[in-house]
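Heads up, the thing below is written out as structure tokens.
In the working numbering, the protein residues as written are 6 to 491.
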């Protein structure tokens with residue numbers, strides 16, 4: 006085994022410093038090559054540098070490599086409102102269009118609101134809209150000879166416009182409402198059937214956890230059969246839809262079908278939450294993988310035979326770093342990164358993002374207000390501490406480290422498991438070792454690493470006095486359902 010000095014020297018020669026120059030991510034884009042899926046992680050849900058770096062890389066993937074969509078760790082219906090804004094489409098319920106990026110983000114009201122309602126996402130959404138608006142007309146109109154659906158209004162959906170989509174499943178009731186509104190517009194009889202099926206959720210006052218608790222421990226009946234039946238109903242409608250349907254009709258049908266899929270998987274998730282976290286985690290990440298697969302298929306068809314749609318994914322490192330290389334696998338957990346690699350192989354590139362210290366936007370417990378918290382320097386036995394040493398030795402406060410195709414000695418120097426820090430939406434420095442670390446093997450988790458030695462808190466659009474003052478949150482016990490709340 007190499008000495009610490011040898012390891013530092015080796016890694017110092019392998020990194021690419023990030024200086025803020027236009028070509029900072031050239032080496033990363035070379036590593037990505039023709040990959041169809043690029044999974045961009047983050048070590049916290051509240052770090053400005055992670056969001057900014059992902060935005061810069063995403064812009065280059067779109068403009069230089071033809072990526073078609075951003076798929077985020079966000080709820081499907083909330084993200085779809087952003088999708089309609091950046092593609093200059095009216096909201097189907099009202100026929101009105103959001104006029105600004107800030108308006109398009111207003112459905113993100115569920116905790117943690119700041120995760121998507123923040124200054125960096127606002128900038129990205131504005132850029133995505135400008136990019137789509139700048140496309141030449143011949144790239145934007147799919148088939149002007151086919152009339153659009155009267156109930157949607159406006160032109161047909163433009164084929165090559167970039168989209169924004171959510172991968173998560175927390176939106177049980179919002180997705181149910183979206184399915185019913187869609188059917189009210191397109192098939193009132195089917196809407197009646199959907200209302201009857203989803204009526205079994207009405208006793209819980211739109212409280213998903215109350216439903217899960219009652220169905221497992223409170224003696225209430227589950228709605229499993231009903232949500233499965235409704236998804237199958239919408240899938241049958243999709244199969245019977247005319248192949249000559251315009252893209253806006255196809256998109257709306259896919260949006261509704263995906264909402265029904267969210268309802269089915271969320272119903273199972275909230276039931277399993279009260280039976281054991283391992284199972285609910287696996288359900289959630291399996292749903293993300295299923296959604297990514299369905300989205301890729303839908304967008305590839307929408308491109309009119311021009312090839313598979315390329316998608317960039319934004320999610321936490323804990324969802325994207327291959328779970329088989331972490332302690333998660335010892336607990337029987339899998340994640341999106343693992344499932345994507347198993348499904349798509351070398352067409353997937355996974356990039357982890359790390360920091361050593363700084364500040365972070367996070368809460369002290371679930372559903373608590375956001376604080377601007379100081380991030381403690383990483384533990385000495387962690388990968389973050391090793392990166393900090395490399396950063397100091399190379400005088401490179403930010404760097405890119407390629408792992409896929411790296412020299413054998415680089416891989417060998419990094420493969421022994423070390424601690425790795427995860428800060429989700431909750432950060433509890435008083436229990437840091439137990440709340441925010443587990444062991445992992447870096448070169449088998451990721452294909453590349455971006456490191457920021459000192460980082461600062463993400464800026465929420467709602468800057469409360471509590472966040473501005475940066476006061477610490479109240480101490481508490483480690484989370485029970487979300488050990489690192491990613």
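All C-beta atoms, glycine included, are put in the ideal place defined by N, C-alpha and C.
For clarity, every value in this text was computed on a predicted model and none was experimentally measured.
Using DSSP with H/G/I as helix, E/B as strand and the rest coil, what is residue i?
{"i": "residue 34", "result": "helix"}
{"i": "residue 68", "result": "helix"}
{"i": "residue 192", "result": "coil"}
{"i": "residue 425", "result": "strand"}
{"i": "residue 80", "result": "strand"}
{"i": "residue 178", "result": "helix"}
{"i": "residue 116", "result": "coil"}
{"i": "residue 371", "result": "coil"}
{"i": "residue 465", "result": "strand"}
{"i": "residue 148", "result": "The pLDDT assigned to residue 148 is 35, lower than 50, so where the model puts this residue is not dependable, and the model offers no usable value."}
{"i": "residue 87", "result": "helix"}
{"i": "residue 158", "result": "Residue confidence is low: residue 158 scores 40 on pLDDT, short of 50, so the model does not pin down where it sits. Its coordinate-derived value is still stated next. Residue 158: coil per DSSP, three-state reduction."}
{"i": "residue 300", "result": "helix"}
{"i": "residue 101", "result": "coil"}
{"i": "residue 121", "result": "coil"}
{"i": "residue 210", "result": "coil"}
{"i": "residue 400", "result": "coil"}
{"i": "residue 95", "result": "coil"}
{"i": "residue 311", "result": "coil"}
{"i": "residue 153", "result": "Note that residue 153 has pLDDT 36, beneath the 50 cutoff, so the model's placement of it is unreliable and the number below is only indicative. Reduced to three states, the DSSP call for residue 153 is coil."}
{"i": "residue 39", "result": "coil"}
{"i": "residue 382", "result": "coil"}
Could you name the residues that DSSP lists as bridge partners for residue i?
{"i": "residue 23", "result": "Answer is none; residue 23 lacks a bridge partner."}
{"i": "residue 47", "result": "Beta-bridge pairing links residue 47 to no other residue."}
{"i": "residue 387", "result": "424"}
{"i": "residue 377", "result": "366"}
{"i": "residue 407", "result": "453"}
{"i": "residue 28", "result": "DSSP, once it has assigned bridges, lists no residue as partnering residue 28."}
{"i": "residue 5", "result": "Limits of the chain in this structure are 6 at one end and 491 at the other, which puts residue 5 out of reach."}
{"i": "residue 52", "result": "462"}
{"i": "residue 360", "result": "457"}
{"i": "residue 355", "result": "44"}
{"i": "residue 431", "result": "368"}
Residue range of the alpha helix (DSSP H) that residue i falls in?
{"i": "residue 217", "result": "213-221"}
{"i": "residue 470", "result": "470-474"}
{"i": "residue 414", "result": "413-419"}
{"i": "residue 316", "result": "No alpha helix (DSSP H) contains residue 316, which is instead part of the beta strand (DSSP E) from 316-319."}
{"i": "residue 106", "result": "106-109"}
{"i": "residue 227", "result": "It is not in any alpha helix (DSSP H) - residue 227 carries neither H nor E in the DSSP assignment."}
{"i": "residue 342", "result": "341-349"}
{"i": "residue 325", "result": "322-325"}
Are the C-beta of residue i and some C-beta of chain C separated by less than 9 Å?
{"i": "residue 246", "result": "Absent from the structure: chain C. Only one protein chain is present."}
Going by DSSP, what residue range makes up the beta strand (DSSP E) through residue i?
{"i": "residue 335", "result": "From DSSP, residue 335 is part of no beta strand (DSSP E); its letter is neither H nor E."}
{"i": "residue 280", "result": "Looking at the DSSP string, residue 280 is not in any beta strand (DSSP E), and its letter there is neither H nor E."}
{"i": "residue 442", "result": "442-445"}
{"i": "residue 459", "result": "453-460"}
{"i": "residue 135", "result": "Not the beta strand (DSSP E): residue 135 falls in the alpha helix (DSSP H), residues 124-139."}
Between the Cα of residue i and the Cα atoms of the options, which residue gives the shortest distance?
{"i": "residue 322", "options": "37, 451, 186 and 141", "result": "451"}
{"i": "residue 494", "options": "406, 386 and 318", "result": "The structure shown does not extend to residue 494, since the chain spans only 6 to 491, so no value can be given for it."}
{"i": "residue 408", "options": "33, 14, 28 and 130", "result": "33"}
{"i": "residue 77", "options": "109, 14, 173 and 96", "result": "173"}
{"i": "residue 301", "options": "109, 457, 53 and 167", "result": "167"}
{"i": "residue 279", "options": "219, 94 and 105", "result": "219"}
{"i": "residue 277", "options": "254, 110 and 215", "result": "215"}
{"i": "residue 177", "options": "192, 244, 104 and 289", "result": "289"}
{"i": "residue 341", "options": "327, 350 and 351", "result": "327"}
{"i": "residue 375", "options": "468, 264, 391 and 58", "result": "468"}
{"i": "residue 442", "options": "171, 386 and 16", "result": "386"}
{"i": "residue 41", "options": "394, 346 and 86", "result": "346"}
{"i": "residue 140", "options": "181, 91, 112 and 118", "result": "91"}
{"i": "residue 84", "options": "58, 57 and 122", "result": "122"}
{"i": "residue 440", "options": "112, 369 and 223", "result": "369"}
{"i": "residue 13", "options": "434, 292, 412 and 398", "result": "398"}
{"i": "residue 396", "options": "470, 17, 11 and 10", "result": "17"}
{"i": "residue 434", "options": "421, 377, 413 and 472", "result": "377"}
{"i": "residue 175", "options": "217, 137 and 208", "result": "217"}
Touch test, the stretch 266-282 against the stretch 216-232, Cβ-Cβ under 8 Å, three pairs minimum: With a cut-off of 8 Å, the stretch 216-232 and the stretch 266-282 count as touching, because enough Cβ pairs lie within range.
Three or more beta-carbon pairs under 8 Å between the stretch 18-33 and the stretch 331-339, yes or no? By the Cβ test, the stretch 18-33 is not in contact with the stretch 331-339, since fewer than three Cβ pairs between them sit closer than 8 Å.
Check whether the stretch 411-418 touches the stretch 69-77, taking contact to mean three or more Cβ pairs, one atom from each stretch, closer than 8 Å. As far as the Cβ criterion goes, the stretch 411-418 does not touch the stretch 69-77, which means the pair count is below three.
Are at least three pairs of beta-carbons, each pair with one atom in the stretch 120-132 and one in the stretch 56-67, less than 8 Å apart? Result yes; three or more Cβ-Cβ pairs closer than 8 Å.
Check whether the stretch 35-48 touches the stretch 354-367, taking contact to mean three or more Cβ pairs, one atom from each stretch, closer than 8 Å. Contact between the stretch 35-48 and the stretch 354-367 is present, because at least three Cβ pairs lie under 8 Å.
Across the stretch 251-262 and the stretch 182-194, are there enough close Cβ pairs to call them in contact, namely three or more that are closer than 8 Å? These segments touch.
Pairs of beta-carbons, one from the stretch 441-455 and one from the stretch 82-102, closer than 8 Å: are there three or more? No: the two stretches stay apart, fewer than three of their Cβ pairs being nearer than 8 Å.
Examine the Cβ distances between the stretch 428-435 and the stretch 47-61 and report whether three or more of them are shorter than 8 Å. Because the criterion of three Cβ pairs below 8 Å is met, the stretch 428-435 and the stretch 47-61 touch.
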